[in-house]
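Below: the structure, in structure tokens.
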Amino acid sequence: MANDQDQILNDVTSGDYKYGFVTDVETDIIPKGLSEDVVRLISAKKGEPEWMLEFRLKAYRHWLTMEMPHWAHLEVPEIDYQDIIYFAAPRIKNPNSSEEIDPELRETFEKLGIPLNEQKLLSGFAVDAVMDSSSVKTTFSETLSEHGIIFCSMSEAIRNHPDLIKKYLASVVPYTDNFFATLNSAVFSDGSFCYIPKGVRCPMELSTYFRINAANTGQFERTLIIAEADSYVSYLEGCTAPVRDENQLHAAVVEIVALDNAEVKYSTVQNWYPGDKNGKGGIYNFVTKRGICRGKNSKISWTQVETGSAITWKYPSCILLGDNSYGEFNSVAVTNNHQQADTGTKMIHIGKNTRSHIISKGISAGVSNNSYRGLVKVLKGAENARNFSQCDSLLLGDKCGAHTFPYIEVDNPTAIVEHEATTSKIGEDQIFYCNQRGLSTEDAVGLIINGYAKEVLNKLPMEFAVEAQKLLQISLEGSVG
Amino acid sequence: MLKIKDLHANIKGKEILKGINLEINAGEVHAIMGPNGSGKSTLAAVLAGREIFEVTHGEILFNGKNLLELSPENRSREGLFLGFQYPIEIPGVSMVNFMKAAVNEQRKYRGLEPIAPSDFLKLMREKKELVEIDSALTNRSVNEGFSGGEKKKNEIFQMAMLEPKLAILDETDSGLDIDALRIVANGVNKLKRPDNASIVITHYQRLLDYIVPDYVHILYNGKIVKSAGKELALELEEKGYDWIKNGE
Ligand SMILES: Nc1ncnc2c1ncn2[C@@H]1O[C@H](COP(=O)(O)OP(=O)(O)O)[C@@H](O)[C@H]1O
Ligand SMILES: [Mg+2]
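Those sequence lines, one after another, are chains Z and R.
Residue 0 is where the first sequence starts when you use numbering that gives the first Met the number 0, and the numbers rise one by one after that.
Residue 0 is where the second sequence starts when you use numbering that gives the first Met the number 0, and the numbers rise one by one after that.
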């Protein structure tokens, strides 16, 4: 990583959101609004079996009885759920072209750095590319299937692997879980499905790239990862959206199941459109991510770099059920201009000797608000549970806010729970020191920020870490000096 | 190389530099001495472009350019180096990355390509030996957890890496034991060339046993009150600063 630093610094020249373009592709869009009929229509468009529709309807009916939660440290404008389009699928094959994928779509993903052509892809990466409500293409599916690994879109999984879906979907995040998860259960579009069989170490990084394209559309993806006993997988998620004046809703659900001795690493670089400098537009990101370490000695780690979205509401969590299981949460959350983030994790210790580790690095600039919210819960039976949490906040300027809300509930006297927190500012003397060695103020800030976030960035796979470093610097450009 | 004419500077409305005149030519070593609070660090900071100091009057020419018009980073890229009296810590940023970024900025300014990784490592090794700094330090974060002496050596190391035209060393000797002092002085002496110059700010004559200056200036109460050859340092050592103060 050392060698990339200066290249990154040189590369980054403009502070604009680089992914704000719109793809002109024929899209199958249903009318705005939400009703039972719309839920039926989505299910029909996807050609789903009856049991899936039943699940959706159950969720929808339950959702009608719920209210949006207001406990987060966020100011969320009223969302009109009848003013959203719940299904928009780009036409994947252009009838005038012999290619399997519409060249417009292929080009879009290429522009985003995700070539859909297997030869052009980074070696060691398999990608599921999702635009709006549909998966465009999943690469390397065949190579992976030689190992018994299933990596496909959720729609495909519902059709081809109904037994696994019936067994695991909503087993970690039930359809009644929370307002946004319930909404997702009713209207979810596409997302990825991964199944790693017993004893298999997944030979490549699996990743999903989510792209919102159509206007006035919500994205409701659903991802499910199952790691059977003694298996391993590293999974990456990236996302971007066009620049638009109106806000767009993104309400995803991710579920992870890890059985005995299995390990799942889940990394996210979240770069949804954050809105402009005055707070106009941007994605509302309300996401439920949860993993269960069901087996003994299993491990789940969440690593996230959050730079995008106007509003982020997200708490990737681990339920540590199996004895000796381990949960990890590593987060860098940046807010600039008018962005708001309320993010953190929940570690629920149920099994004996369960351990969890939390590192949260918040960076706030502009007039933004950045909150860490974390729950460490140790249940009665969790003998010798251990948790360590480190929550740091870095402030750029004096108009932004940083807040920490740690909740600790311990019901077993043998548990040890430790929490450390710091708040700091980038010193004018640090910047001057860098200036004196020839670095511009922007580059100095980038360097200092990346230093601050290093512990978390180091947890990302190499290629992602480089990307994330650039992003951190870009999202804070213009906020100092 | 450097021409300072009637330089006045304020901090928070209080005048600290009250008319400095100084001329430094290539190949020379100048020592600036003076009691605490006389404005030595302020002069160094003004030369490096620290914004909290406001220049209210005067002119500074650096290799023919108006120094006061240049940003701090461009002064550095023009070849001005400041060894800080109190080096700053930057957690999480490794010395290696920091130096690489710095070296490449200097190169970019001169229209050169970024340095090849192998050349960079070679350069690092060479300069580390020169200042007898060990790899454990350069692999750590910038100045983080360094002892006082290590921080000072690290400043000389950075100077060696950047090969400035004019190096200003602000009390690089203070807080050093004799071994470290010898290493620091040795570094400065080895880097001396006919086409560069240095300003050594010090409180004690001690350093000047190792770095022999061409000129010694005494700064007192924001003004240079006396300039002479190296013998002035010895005189100061003998008589202390009081005769200067009383002489006012
Ligand atoms: N940041 C600052 N704020 C206010 N006064 C300062 C600051 N830095 C220096 N000074 C004042 O400027 C004067 C000269 O300080 P300095 O240049 O550090 O002296 P020296 O390096 O010769 O000991 C002192 O009176 C000091 O108090
Ligand atoms: Mg001083």
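The beta-carbon is built from N, C-alpha and C at its ideal position, and this holds for glycine as well.
Heavy atom of ligand 2 within 6 Å of residue i beta-carbon
i: K39 (chain R); result: yes
i: Q435 (chain Z); result: no
i: L84 (chain R); result: In the sequence as displayed, the identity of residue 84 (chain R) is Gln instead of Leu. Within the cutoff, so yes.
Cα-Cα separation between residue i and residue j, rounded to whole angstroms
i: P68 (chain Z); j: F178 (chain Z); result: 7 Å
i: L470 (chain Z); j: F209 (chain Z); result: 17 Å
i: I19 (chain R); j: E58 (chain R); result: 10 Å
i: E236 (chain R); j: E230 (chain R); result: 10 Å
i: I407 (chain Z); j: V37 (chain Z); result: 41 Å
i: K121 (chain R); j: I200 (chain R); result: 31 Å
i: T64 (chain Z); j: D131 (chain Z); result: 27 Å
i: G26 (chain R); j: C433 (chain Z); result: 27 Å
i: W242 (chain R); j: L1 (chain R); result: 29 Å
i: T175 (chain Z); j: N296 (chain Z); result: 29 Å
i: I113 (chain Z); j: I347 (chain Z); result: 36 Å
i: E68 (chain R); j: V54 (chain R); result: 11 Å
i: N188 (chain R); j: H418 (chain Z); result: 50 Å
i: D397 (chain Z); j: N368 (chain Z); result: 11 Å
Reduced DSSP secondary structure (H/G/I, E/B, other) of residue i
i: T12 (chain Z); result: A caution first: T12 (chain Z) carries a pLDDT of 27, below 50, which makes its placement in the model unreliable, though a value can still be read off. Coil.
i: T137 (chain Z); result: strand
i: M0 (chain Z); result: With a pLDDT of 33 at M0 (chain Z), under the threshold of 50, the predicted position of this residue should be treated as unreliable, though the coordinate-derived value follows. It is coil, neither helix nor strand.
i: K276 (chain Z); result: coil
i: L233 (chain R); result: helix
i: E247 (chain R); result: Note that E247 (chain R) scores a pLDDT of 47, beneath 50, so its modelled location is shaky and nothing firm can be said.
i: P161 (chain Z); result: helix
i: E53 (chain R); result: strand
i: I78 (chain Z); result: coil
i: A135 (chain R); result: helix
i: G450 (chain Z); result: helix
i: F20 (chain Z); result: coil
i: I7 (chain Z); result: With a pLDDT of only 33 at I7 (chain Z), under 50, the local geometry of the prediction cannot be trusted, and no value is derived from it.
i: M346 (chain Z); result: strand
i: H61 (chain Z); result: helix
i: N96 (chain R); result: helix
i: G480 (chain Z); result: At G480 (chain Z) the pLDDT is 47, less than 50, meaning the model places this residue with poor confidence and gives no usable figure here.
i: W301 (chain Z); result: strand
i: L438 (chain Z); result: coil
i: G82 (chain R); result: strand
Heavy atom of ligand 1 within 6 Å of residue i beta-carbon
i: I282 (chain Z); result: no
i: G57 (chain R); result: no
i: N220 (chain R); result: no
i: N296 (chain Z); result: no
i: N142 (chain R); result: no
i: G147 (chain R); result: no
i: G36 (chain R); result: yes
i: I15 (chain R); result: yes
i: I210 (chain R); result: no
i: I198 (chain R); result: no
i: I167 (chain R); result: no
i: I347 (chain Z); result: no
i: I10 (chain R); result: yes
Residue i, buried or exposed, once every other Cβ within 10 Å from all chains shown has been counted against 16
i: M158 (chain R); result: buried
i: L446 (chain Z); result: buried
i: E49 (chain Z); result: exposed
i: N142 (chain R); result: buried
i: N260 (chain Z); result: buried
i: T12 (chain Z); result: With a pLDDT of only 27 at T12 (chain Z), under the threshold of 50, the placement of this residue in the model should not be trusted, and no figure is reported.
i: D189 (chain Z); result: buried
i: E247 (chain R); result: Bear in mind that the predicted position of E247 (chain R) carries a pLDDT of just 47, short of 50, making it unreliable; the figure below should be weighed with that in mind. Looking at its Cβ environment, which holds fewer than 16 other Cβ atoms inside 10 Å, E247 (chain R) is exposed.
Chain B residues whose Cβ lies nearer than 7 Å to that of residue i
i: Q429 (chain Z); result: Looking for chain B here will not work: the only protein chains present are Z and R.
From the options, residue whose alpha carbon lies closest to that of residue i
i: G221 (chain R); options: R:Y85, R:G33, R:N153; result: R:G33
i: G78 (chain R); options: R:H29, R:S197, R:K99, R:N153; result: R:S197
i: S40 (chain R); options: R:H56, R:N24, R:E27, R:I15; result: R:I15
i: V95 (chain R); options: R:K107, R:F80, R:R124; result: R:R124
i: E273 (chain R); options: R:P71, R:S134, R:E88, R:I243; result: This structure leaves residue 273 (chain R) out entirely; chain R is present only between 0 and 247.
i: I357 (chain Z); options: Z:D410, Z:S300, Z:G396; result: Z:S300
i: H249 (chain Z); options: Z:C201, Z:I225, Z:E227, Z:G307; result: Z:G307
i: V232 (chain Z); options: Z:V256, Z:N212, Z:G321, Z:F328; result: Z:V256
i: E77 (chain Z); options: Z:S355, Z:V465, Z:Y283; result: Z:Y283
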